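To start, the structure itself, in structure tokens.
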Ligand SMILES: NC(=O)c1ccc[n+]([C@@H]2O[C@H](COP(=O)([O-])OP(=O)(O)OC[C@H]3O[C@@H](n4cnc5c(N)ncnc54)[C@H](OP(=O)(O)O)[C@@H]3O)[C@@H](O)[C@H]2O)c1
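Residue numbers (the working numbering): 117 to 396.
Dropping the structure here:
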């Protein structure tokens with residue numbers, strides 16, 4: 117039996133669909149059913165349920181708010197995954213959790229591989245990096261999967277924001293100095309699941325292939341829907357946000373591609389399929 121935590125989020129919702137489609141037994145929980153910051157609640161929840169795999173999709177993802185809600189960010193991104201790894205070890209279940217491209221400072225200038233040294237430059241990034249280390253130090257049957265710029269149906273995201281702005285704005289200015297890869301949560305769930313089934317535990321990078329700036333992502337979305345407004349560029353510094361942003365954080369997914377023997381689809385393909393899903 118698979119236990120999903122944070123199942124109402126983007127990735128959680130796509131795991132849910134995948135498991136339903138493949139007739140795989142799972143229990144889906146989110147904050148209300150199972151608060152993963154409460155280790156005793158998790159311990160008693162898993163008791164007698166024959167859980168073989170725990171997939172943690174829950175996270176504190178508000179990069180700017182994390183600067184002023186430090187305790188909350190570390191509790192959810194560091195302590196909770198560590199506790200889930202502990203409990204997985206107690207019941208001999210496989211454990212999977214997710215991290216971010218933001219663990220890197222963005223100065224490398226070419227795609228990041230798993231061996232590159234992280235250097236988090238915000239509270240959010242540091243909380244996720246500490247979470248990775250805590251999990252990998254706690255339990256050898258763990259997967260830590262870093263991803264980037266996730267979009268899907270399950271929650272708010274940049275692609276949905278662009279679609280929303282397109283409905284009531286004629287002029288948009290989007291930053292062109294942040295580069296990574298948008299990642300469709302459907303693909304993230306699907307290719308993660310293929311990896312999980314190999315039992316080749318460890319740290320992985322998984323994002324849609326190719327790379328773009330936020331501006332190029334927005335342009336692709338707006339061109340796809342035939343928006344008639346004017347799109348201009350801006351710089352990250354123009355927005356004076358509370359958290360520092362790493363500017364270039366493209367993740368190289370070749371390790372996972374080699375192991376599962378498949379190429380991860382492009383981010384453009386991800387957006388195309390997302391738009392079909394979004395339009396219903
Ligand atoms: N989104 C991105 O762009 C991005 C980029 C890089 C990495 N990642 C990582 O990828 C993974 C999946 O991200 P996502 O975008 O699918 O996240 P998401 O949409 O924000 O979903 C997270 C889910 O966790 C739930 N949650 C919050 N606190 C909880 C608690 N104490 N116990 C149980 N559930 C709780 C949230 O519920 P509420 O909504 O009720 O709080 C939400 O349903 C995360 O590890 C994230 O850090 C995401």
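Glycine is no exception: its CB is placed at the ideal position from the N, C-alpha and C atoms. The structure presented is a predicted model; accordingly, all values stated were derived computationally and were not measured.
To the nearest angstrom, how far is the alpha carbon of residue i from that of residue j?
| i | j | result |
| --- | --- | --- |
| residue 150 | residue 158 | 7 Å |
| residue 327 | residue 160 | 43 Å |
| residue 337 | residue 273 | 13 Å |
| residue 117 | residue 267 | 27 Å |
| residue 313 | residue 375 | 11 Å |
| residue 198 | residue 254 | 7 Å |
| residue 134 | residue 290 | 33 Å |
| residue 162 | residue 233 | 35 Å |
| residue 257 | residue 343 | 47 Å |
| residue 244 | residue 321 | 14 Å |
| residue 138 | residue 309 | 11 Å |
| residue 361 | residue 145 | 31 Å |
| residue 389 | residue 235 | 34 Å |
| residue 203 | residue 166 | 13 Å |
| residue 220 | residue 226 | 12 Å |
| residue 192 | residue 148 | 15 Å |
Taking the alpha-carbon of residue i as reference, which of the options has the nearest alpha-carbon?
| i | options | result |
| --- | --- | --- |
| residue 154 | 382, 287, 200, 337 | 200 |
| residue 215 | 209, 241, 208, 229 | 241 |
| residue 123 | 355, 173, 203 | 173 |
| residue 205 | 246, 192, 245, 252 | 252 |
| residue 335 | 298, 316, 120 | 298 |
| residue 265 | 121, 120, 126 | 126 |
| residue 275 | 386, 238, 223 | 386 |
| residue 120 | 136, 138, 143, 137 | 143 |
| residue 316 | 300, 260, 348 | 260 |
| residue 353 | 293, 341, 307 | 293 |
| residue 318 | 304, 248, 324, 348 | 248 |
| residue 278 | 270, 263, 271, 288 | 288 |
| residue 302 | 395, 381, 168 | 381 |
| residue 237 | 231, 222, 371 | 222 |
| residue 156 | 184, 370, 196, 208 | 196 |
| residue 296 | 270, 306, 228 | 228 |
| residue 304 | 231, 341, 211, 372 | 372 |
| residue 185 | 359, 394, 378 | 359 |
Assuming residue i is part of the beta strand (DSSP E), what are its boundary residues?
| i | result |
| --- | --- |
| residue 262 | 258 to 263 |
| residue 367 | It is not in any beta strand (DSSP E) - residue 367 carries neither H nor E in the DSSP assignment. |
Quick one: what's residue i bridged to in DSSP?
| i | result |
| --- | --- |
| residue 328 | 296 |
| residue 288 | 347 |
| residue 318 | 259 |
| residue 210 | 169 |
| residue 215 | 262 |
| residue 144 | 120 |
| residue 228 | 367 |
| residue 267 | 300 |
| residue 382 | 325 |
In the DSSP assignment, find the unbroken alpha helix (DSSP H) run with residue i in it and report its ends.
| i | result |
| --- | --- |
| residue 118 | First-last for residue 118: 118 to 121, but that is the beta strand (DSSP E), not the alpha helix (DSSP H). |
| residue 249 | 239 to 254 |
| residue 131 | 126 to 137 |
| residue 162 | 155 to 162 |
| residue 398 | Residue 398 falls outside the range modelled here, since the chain spans only 117 to 396, and no answer is possible. |
| residue 186 | 186 to 190 |
Q. So does the stretch 211 to 229 actually touch the stretch 359 to 370, counting three or more Cβ pairs closer than 8 Å?
A. yes
Q.
Could you check whether the stretch 173 to 185 touches the stretch 283 to 293, counting it as contact only if at least three pairs of C-beta atoms, one from each stretch, sit closer than 8 Å?
A. no
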